[in-house]
Amino acid sequence: MSTTAAGADPETWLAARLADVTPPGGPRRRERLHPVGGAWVRTADGYRLLNFAGNDYLGLATHPAVVQAAQQALQQYGTGSGASQLMSGYREVHHQLEQELCRFTGRPACALFASGYQANLAVLPALVGPGALLCMDQRVHASLVDAALLSRARVVRFRHLDLADLARKLEIGPVGRRRVVVTEGVFSMEGDSPSMEALARLCHQHDAMLVVDDAHGFGVLGEHGGGITAALDSSQVPVLIGTFGKALGAAGAFVAGSSTLIALLEQCARTLIYTTALPPALAAAALAALTQLRRADGPRARLARNIAAWRRLAQQQGLVLQDSETPIQPFPVVASEQACLLSQALRERGLLVPAMRPPTVPEGASRLRISLSALHDTADLRQLAEALAACT
Ligand SMILES: Cc1ncc(COP(=O)(O)O)c(C=O)c1O
190 MSTTAAGADP ETWLAARLAD VTPPGGPRRR ERLHPVGGAW VRTADGYRLL
240 NFAGNDYLGL ATHPAVVQAA QQALQQYGTG SGASQLMSGY REVHHQLEQE
290 LCRFTGRPAC ALFASGYQAN LAVLPALVGP GALLCMDQRV HASLVDAALL
340 SRARVVRFRH LDLADLARKL EIGPVGRRRV VVTEGVFSME GDSPSMEALA
390 RLCHQHDAML VVDDAHGFGV LGEHGGGITA ALDSSQVPVL IGTFGKALGA
440 AGAFVAGSST LIALLEQCAR TLIYTTALPP ALAAAALAAL TQLRRADGPR
490 ARLARNIAAW RRLAQQQGLV LQDSETPIQP FPVVASEQAC LLSQALRERG
540 LLVPAMRPPT VPEGASRLRI SLSALHDTAD LRQLAEALAA CT
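No gaps in the numbering here: position 98 of the sequence shown is 287 in this note's numbering, and each next residue is one more.
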């Protein structure tokens with residue numbers, strides 16, 4: 190609760206509010222970091238750090254073919270889209286990207302958004318309103334929590350990945366009430382995934398619509414990087430969300446599903462209608478990144494080798510890892526303060542590994558979020574495993 194005194198001057202008011210929202214372990218800070226090749230970044234005061242804090246899982250943000258595609262699109266289309274998609278901001282390159290995404294995901298239709306956050310804010314209020322039931326995994330991303338609030342549906346959270354608990358929650362009446370189940374494909378703080386086929390079956394049994402935000406699985410999992418739902422069709426997963434800001438190394442997002450779903454979004458998705466369309470250069474970058482995913486010995490194969498190597502090297506150092514076959518490899522630390530101290534100790538050894546604290550993760554579940562990339566090499570992974578073992 191705010192301790193702000195009523196009638197205080199704006200600075201006093203803001204300072205009191207700031208004190209209220211600052212987490213234990215110290216304030217969050219933005220830091221200027223400059224990419225300097227491979228997985229390295231340089232700080233503003235000139236230190237080089239090995240980056241284990243990004244979502245550029247395949248290193249595509251700096252891939253020459255992706256950068257060149259963006260440069261060409263800048264020449265062709267200019268910087269911004271100049272309008273929302275429904276006004277005059279929808280370009281040929283947006284359309285091409287949508288078509289390629291349909292091929293990639295095996296979905297008949299698709300719509301682009303300027304970010305994953307906006308895609309999520311669009312989807313849930315478009316699907317349901319007051320009177321409906323939204324069952325969401327306890328660990329879903331903040332954007333889905335906000336989207337659920339915007340929808341004004343009744344929100345029920347089920348235990349993380351627990352389908353038996355979800356089945357109980359789906360029984361909440363009355364019969365005929367619209368039901369939507371919301372999950373992530375790969376959970377952003379855990380690196381784990383639901384059993385997608387079983388989840389789809391359960392939703393089908395309860396006439397519930399399944400929404401999967403595959404922000405962290407798209408590009409990484411599935412054949413050619415089609416994501417966690419690659420083997421399932423749109424009758425099983427009717428609403429699929431993916432982002433371009435993570436494995437694709439760009440920014441922006443898509444929602445894929447039936448043409449009715451996309452027509453619905455065109456009519457009422459406020460973050461599609463009332464915001465400037467994704468810059469064409471970013472659409473071109475995402476399109477070029479999709480091409481890289483198809484290369485057999487490309488970045489996806491390097492990432493898979495790095496995930497296996499990291500787990501082997503960490504285990505050799507006696508580190509206890511959470512189960513995760515994805516680039517997100519959480520290292521549990523429990524207390525916020527301890528997580529911050531460990532993150533700082535690693536930084537002093539040249540390693541950038543962020544501490545995740547409440548409210549991003551639950552109370553008592555602070556952790557380091559180690560994220561691996563195709564840009565790392567075995568020596569980088571060994572350095573992290575040895576440093577973590579030395580600091581714990
Ligand atoms: C699961 C999930 N969904 C959505 C988003 C938001 O995506 P974007 O960064 O494109 O807004 C994130 C970002 O961290 C995420 O982890």
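Even glycine gets a Cβ: it sits at the ideal position worked out from N, Cα and C.
With a 10 Å radius around its C-beta and 16 neighbouring C-beta atoms as the bar for buried, classify residue i as buried or exposed.
{"i": "residue 191", "result": "Summary for residue 191: the model assigns pLDDT 49, below 50, so the residue's position carries little reliability; its value from the coordinates is reported in the next sentence. Per the 10 Å Cβ criterion, exposed."}
{"i": "residue 463", "result": "exposed"}
{"i": "residue 484", "result": "exposed"}
{"i": "residue 324", "result": "buried"}
{"i": "residue 480", "result": "exposed"}
{"i": "residue 203", "result": "exposed"}
{"i": "residue 417", "result": "buried"}
{"i": "residue 243", "result": "buried"}
{"i": "residue 292", "result": "exposed"}
{"i": "residue 552", "result": "exposed"}
{"i": "residue 382", "result": "buried"}
{"i": "residue 522", "result": "buried"}
{"i": "residue 299", "result": "buried"}
From residue i to residue j, what distance separates their C-alpha atoms?
{"i": "residue 398", "j": "residue 296", "result": "16 Å"}
{"i": "residue 285", "j": "residue 385", "result": "29 Å"}
{"i": "residue 577", "j": "residue 535", "result": "7 Å"}
{"i": "residue 354", "j": "residue 347", "result": "6 Å"}
{"i": "residue 339", "j": "residue 436", "result": "28 Å"}
{"i": "residue 151", "j": "residue 306", "result": "It is not possible to answer for residue 151, since the shown part of the chain is limited to 190 through 581."}
{"i": "residue 604", "j": "residue 579", "result": "This structure does not reach residue 604, given that the chain is present from 190 up to 581, and the question cannot be answered."}
{"i": "residue 478", "j": "residue 255", "result": "6 Å"}
{"i": "residue 221", "j": "residue 233", "result": "6 Å"}
{"i": "residue 229", "j": "residue 569", "result": "10 Å"}
{"i": "residue 581", "j": "residue 531", "result": "8 Å"}
{"i": "residue 369", "j": "residue 344", "result": "10 Å"}
{"i": "residue 555", "j": "residue 549", "result": "9 Å"}
{"i": "residue 525", "j": "residue 216", "result": "12 Å"}
{"i": "residue 453", "j": "residue 315", "result": "7 Å"}
{"i": "residue 377", "j": "residue 445", "result": "20 Å"}
{"i": "residue 431", "j": "residue 197", "result": "44 Å"}
{"i": "residue 498", "j": "residue 574", "result": "10 Å"}
{"i": "residue 337", "j": "residue 489", "result": "33 Å"}
{"i": "residue 301", "j": "residue 518", "result": "29 Å"}
{"i": "residue 413", "j": "residue 309", "result": "24 Å"}
{"i": "residue 281", "j": "residue 258", "result": "14 Å"}
{"i": "residue 411", "j": "residue 496", "result": "16 Å"}
{"i": "residue 275", "j": "residue 311", "result": "15 Å"}
{"i": "residue 224", "j": "residue 236", "result": "12 Å"}
{"i": "residue 543", "j": "residue 267", "result": "36 Å"}
{"i": "residue 219", "j": "residue 241", "result": "16 Å"}
{"i": "residue 419", "j": "residue 350", "result": "19 Å"}
{"i": "residue 476", "j": "residue 429", "result": "18 Å"}
{"i": "residue 500", "j": "residue 455", "result": "44 Å"}
With H, G and I counted as helix, E and B as strand and the rest as coil, what does DSSP make of residue i?
{"i": "residue 402", "result": "strand"}
{"i": "residue 426", "result": "coil"}
{"i": "residue 243", "result": "coil"}
{"i": "residue 237", "result": "strand"}
{"i": "residue 462", "result": "helix"}
{"i": "residue 541", "result": "strand"}
{"i": "residue 198", "result": "coil"}
{"i": "residue 520", "result": "strand"}
{"i": "residue 276", "result": "coil"}
{"i": "residue 393", "result": "helix"}
{"i": "residue 512", "result": "coil"}
{"i": "residue 302", "result": "strand"}
{"i": "residue 347", "result": "strand"}
{"i": "residue 417", "result": "coil"}
{"i": "residue 496", "result": "helix"}
{"i": "residue 573", "result": "helix"}
{"i": "residue 443", "result": "strand"}
{"i": "residue 232", "result": "strand"}
{"i": "residue 378", "result": "coil"}
{"i": "residue 223", "result": "strand"}
{"i": "residue 368", "result": "strand"}
{"i": "residue 451", "result": "helix"}
{"i": "residue 373", "result": "strand"}
{"i": "residue 250", "result": "helix"}
For my contact list, residue i and residue j are in at a C-beta cut-off of 8 Å; report their separation, rounded to the angstrom.
{"i": "residue 326", "j": "residue 371", "result": "7 Å"}
{"i": "residue 321", "j": "residue 367", "result": "4 Å"}
{"i": "residue 515", "j": "residue 380", "result": "5 Å"}
{"i": "residue 540", "j": "residue 238", "result": "7 Å"}
{"i": "residue 269", "j": "residue 449", "result": "With 8 Å as the limit, residue 269 and residue 449 do not qualify as a contact, their Cβ atoms being about 31 Å apart."}
{"i": "residue 374", "j": "residue 405", "result": "7 Å"}
message = Quick check: the segment 422-431 against the segment 377-397, are at least 3 beta-carbon pairs closer than 8 Å?
response = yes
query = Hey, is the segment 469-479 in contact with the segment 262-277, meaning 3+ C-beta pairs nearer than 8 Å?
reply = yes
query = Does the pairing of the segment 562-572 with the segment 236-253 give three or more beta-carbon distances under 8 Å?
reply = The segment 562-572 vs the segment 236-253: in contact.
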